[in-house]
Amino acid sequence: MKHLIRIALPVLVLPTLAALPMLANAQLSGNVAFTTDYKFRGQDQDMLGKNDYAKTKAFKPAIQGGFDYAFGDSGFYVGNWNSSVNWLKGNSIESDIYGGYKFKAGVFDMDVGALTYIYPGNSSGNTTEIYGSAGYTDEAIGSFTLKYSHTVSKDYFGYAGSKAGSGLKGTNTGYLNLAYSKEIVPKVTLKAAVGYTNMSSDIRSLGYKSYVDYNVGASYDFGNGLSLAGSVQGANKQSSYLAVSNPGVDLGFGAFGRQTYSPNKARFVVTLTKTL
Numbered sequence: 006m007k008h009l010i011r012i013a014l015p016v017l018v019l020p021t022l023a024a025l026p027m028l029a030n031a032q033l034s035g036n037v038a039f040t041t042d043y044k045f046r047g048q049d050q051d052m053l054g055k056n057d058y059a060k061t062k063a064f065k066p067a068i069q070g071g072f073d074y075a076f077g078d079s080g081f082y083v084g085n086w087n088s089s090v091n092w093l094k095g096n097s098i099e100s101d102i103y104g105g106y107k108f109k110a111g112v113f114d115m116d117v118g119a120l121t122y123i124y125p126g127n128s129s130g131n132t133t134e135i136y137g138s139a140g141y142t143d144e145a146i147g148s149f150t151l152k153y154s155h156t157v158s159k160d161y162f163g164y165a166g167s168k169a170g171s172g173l174k175g176t177n178t179g180y181l182n183l184a185y186s187k188e189i190v191p192k193v194t195l196k197a198a199v200g201y202t203n204m205s206s207d208i209r210s211l212g213y214k215s216y217v218d219y220n221v222g223a224s225y226d227f228g229n230g231l232s233l234a235g236s237v238q239g240a241n242k243q244s245s246y247l248a249v250s251n252p253g254v255d256l257g258f259g260a261f262g263r264q265t266y267s268p269n270k271a272r273f274v275v276t277l278t279k280t281l
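Sequence positions in the sequence shown follow my numbering and run 6 to 281.
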């Protein structure tokens with residue numbers, strides 16, 4: 006744990022802190038966070054343990070941080086978000102770079118843009134998507150956001166193995182997410198989301214099934230940009246995403262005691278966030 010913090014803090018937190026003098030400009034905002042388990046679309050992002058076998062514990066902490074810059078009232082924005090990860094050999098960081106345009110369409114808050122996920126130590130995970138979302142807020146019933154992301158890169162988080170020369174592609178993998186939030190009592194906000202990942206036909210040919218993920222919980226606002234959230238996160242189709250956690254003993258007629266773990270397994274995740 007101390008080793009993780011020592012490595013991740015300089016990379017993830019210091020660039021954000023260095024930007025603090027500029028935060029007086031309302032166009033620039035930043036954030037830093039600590040989470041007990043970084044899940045992306047319902048899947049653990051810390052998987053590699055001893056001898057590269059899958060980690061099975063629930064507490065797999067990550068340090069995260071980023072910034073957003075809005076170009077005045079134009080609606081255009083760019084941003085960067087980072088997190089410690091551990092699912093690709095030789096890589097320990099995810100760095101997301103994105104840009105887009107926000108605008109109003111009647112009662113809806115629209116957002117369109119592009120996002121690239123970069124894994125500096127192992128580019129086989131690099132993925133680029135375009136996205137579009139529509140949000141609606143009603144004081145009585147809460148806020149709803151529907152977002153769709155579409156993969157335009159050849160790889161989709163390494164599942165297709167395009168960079169390894171497999172000839173398979175993750176292009177056209179799609180992700181649809183519906184999120185809801187509502188302040189139920191002062192400072193406490195209920196949050197829920199459900200998503201569907203539609204894998205490309207090439208990825209499905211490898212045995213990976215399209216799946217549904219979920220995120221249900223609440224957050225508490227301490228004020229001054231500090232909040233604490235707790236939620237249950239996970240996904241179905243767990244058997245389609247199994248990784249060996251214990252190879253067992255080979256007795257000549259098969260492995261005895263072999264164990265597996267799915268990154269889709271439901272976990273209770275706690276996240277402390279500071280908005281700058």
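All C-beta atoms, glycine included, are put in the ideal place defined by N, C-alpha and C.
Secondary structure at residue i, three-state DSSP: helix, strand or coil?
i: residue 264; result: strand
i: residue 224; result: strand
i: residue 276; result: strand
i: residue 251; result: strand
i: residue 55; result: helix
i: residue 154; result: strand
i: residue 186; result: strand
i: residue 32; result: coil
i: residue 89; result: strand
i: residue 69; result: strand
i: residue 50; result: coil
i: residue 82; result: strand
i: residue 128; result: helix
i: residue 74; result: strand
i: residue 147; result: strand
i: residue 271; result: coil
Please list the terminal residues of the continuous beta strand (DSSP E) segment that includes residue i.
i: residue 232; result: 231 to 240
i: residue 172; result: Careful: residue 172 lies outside any beta strand (DSSP E) and carries neither H nor E.
i: residue 98; result: 98 to 110
i: residue 134; result: 132 to 143
i: residue 164; result: Where residue 164 is concerned, there is no enclosing beta strand (DSSP E), given that its DSSP letter is neither H nor E.
i: residue 121; result: 113 to 123
Which partner residues does residue i have in the DSSP bridge list?
i: residue 206; result: According to DSSP, which records beta bridges pairwise, residue 206 is partnered with nothing at all.
i: residue 195; result: 187 and 223
i: residue 179; result: 155 and 203
i: residue 216; result: 202
i: residue 95; result: In DSSP, residue 95 forms no bridge with anything.
i: residue 44; result: 49
i: residue 303; result: Any answer about residue 303 is impossible in this case: the structure gives the chain only from 6 up to 281.
Please return the same chain residues whose Cβ sits closer than 6 Å to the Cβ of residue i, not counting the five positions on each side in sequence.
i: residue 218; result: 46, 47, 200 and 240
i: residue 43; result: 50, 67 and 88
i: residue 280; result: 36 and 230
i: residue 104; result: 83 and 118
i: residue 245; result: 213 and 214
i: residue 86; result: 71 and 101
i: residue 96; result: 124, 126 and 127
i: residue 81; result: 106
Spatial neighbours of residue i within its chain, please: CB distance less than 8 Å, with the 5 preceding and 5 following residues excluded, ordered by chain position.
i: residue 203; result: 178, 179, 180, 181 and 215
i: residue 250; result: 54, 58, 59, 60, 61, 264, 265 and 266
i: residue 209; result: 215
i: residue 32; result: 74, 75, 76 and 77
i: residue 159; result: 165, 167, 168, 174, 175 and 176
Please look up how many angstroms separate the CB atoms of residue i and residue j, rounded, as I've assumed it's under 8 Å.
i: residue 220; j: residue 243; result: That pair is no contact at about 16 Å.
i: residue 150; j: residue 140; result: 4 Å
i: residue 291; j: residue 134; result: Any question about residue 291 goes unanswered here, given that the chain covers just 6 to 281.
i: residue 163; j: residue 130; result: 5 Å
i: residue 94; j: residue 127; result: 6 Å
Residues in the same chain with beta-carbon distance under 7 Å from residue i, minus the five sequence neighbours each way, listed in chain order, please.
i: residue 224; result: 194, 196, 232, 233 and 234
i: residue 206; result: none
i: residue 52; result: 59, 60, 91, 92, 248 and 268
i: residue 3; result: Residue 3 is absent from the structure shown; the chain starts at 6 and stops at 281.
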